[in-house]
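Start counting the sequence shown at 7; every next residue gets the next number (our numbering).
Yeah, the Cβ is synthetic: ideal placement off N, Cα and C, and Gly gets one too.
Since the structure comes first, as structure tokens, the remarks are kept for the end.
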Amino acid sequence: MALLEEPLRERLTSFLIADPRYQLFGPQELPASQHVPTVAFLHRDRPPSEVVAHLHRADIACRHGHMYAMRLVEPTGIDPVEGVVRISAVHYNTLEE
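Spelled out as structure tokens, the structure:
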């Protein structure tokens, strides 16, 4: 699975890191073998619900919220209702998507 999922995670995180409008959460310096293809981020100018609605219109499945991690979101000042945007790029996704 990792052979299929790692290129997807890498492309998504590379895009988010390169664009200053996004804040990516989670360690990026881990070896690929220790990553899962789930990515959490915020857009600096748009609420997560708006980002998710935009992605849904493009047929990209994602969610927003605290993802059952209230103790992690609250101390950072992130609105627990809006939370973060989360995308899971898994083996049945393609780079074209």
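| query | result |
| --- | --- |
| Straight-line CA distance for Ser55 to Val91? | 8 Å |
| So what's Ala59 in DSSP terms, helix, strand or just coil? | helix |
| Restricting to Cα atoms, I'd like to know which of Ser20, Tyr74 and His60 is closest to Cys68. | His60 |
| Classify Val79: buried if its beta carbon has 16 or more other beta carbons within 10 angstroms, exposed otherwise. | buried |
| Straight-line CA distance for Phe31 to Val42? | 13 Å |
| Counting only the same chain and skipping the five closest in sequence on each side, list residues whose C-beta sits under 6 Å from that of Ile93. | Val45 and Cys68 |
| Who are the Cβ neighbours of Glu88 in its own chain at under 8 Å, not counting the five residues just before and after it? | Pro53, Pro54, Ser55, His70 and Gly71 |
| What does Arg69 pair with, by DSSP beta-bridge criteria? | Arg92 |
| Among residues of its own chain, excluding the 5 on either side of Leu48, which ones have a beta-carbon nearer than 6 Å to its beta-carbon? | Gln29 and Val90 |
| When you compare only the Cα positions, how much space is there between Pro86 and Ala75? | 9 Å |
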